[in-house]
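Residues 5 to 85 (this note's numbering) make up the sequence shown, in order.
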Amino acid sequence: MRQSAIDIWVGIFVAIGLLAALFLALKVGNMNAVSFAPTYKISARFDNIGGLKPRAPVKSAGVVVGRIANISFDDKTYQAT
5 MRQSAIDIWV GIFVAIGLLA ALFLALKVGN MNAVSFAPTY KISARFDNIG
55 GLKPRAPVKS AGVVVGRIAN ISFDDKTYQA T
């Protein structure tokens, strides 16, 4: 009976460790996979996007306020959107 209690505690600590590792991996990767915050879409047009890439951070006053979701090219106006 004593060995069973130890096994349960070891299992709990291993599960907590795995959850902590997953949380840290998501934070290091800057991924908000479990975010339920309300979001909204903003579209913009640029003549030159330089080295802009999808998932690049969008900053306002040095604070990350969003991420680039998609980059496309408009064939009619020849503008990057």
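Note that beta-carbon positions come from the ideal geometry of N, C-alpha and C, so glycine has one too. Note that this is a predicted model, so its numbers are computed, not measured.
In terms of residue numbering, what span does the beta strand (DSSP E) encompassing residue i cover?
| i | result |
| --- | --- |
| residue 33 | It is not in any beta strand (DSSP E) - residue 33 carries neither H nor E in the DSSP assignment. |
| residue 49 | From DSSP, residue 49 is part of no beta strand (DSSP E); its letter is neither H nor E. |
| residue 71 | 67 to 71 |
| residue 57 | Note, residue 57: premise wrong, no beta strand (DSSP E); not H, not E. |
| residue 113 | With the chain covering 5 to 85 only, the question about residue 113 has no answer from this structure. |
| residue 42 | Unbroken run through residue 42: none, as it is neither H nor E. |
| residue 76 | That residue, residue 76, is in no beta strand (DSSP E); it is neither H nor E in DSSP. |
Who are the near neighbours of residue i in its chain, counting only those whose CB is closer than 8 Å to its CB and skipping five residues on each side?
| i | result |
| --- | --- |
| residue 26 | none |
| residue 57 | 72 and 75 |
On the three-state DSSP scale, how would you describe residue i?
| i | result |
| --- | --- |
| residue 8 | helix |
| residue 62 | strand |
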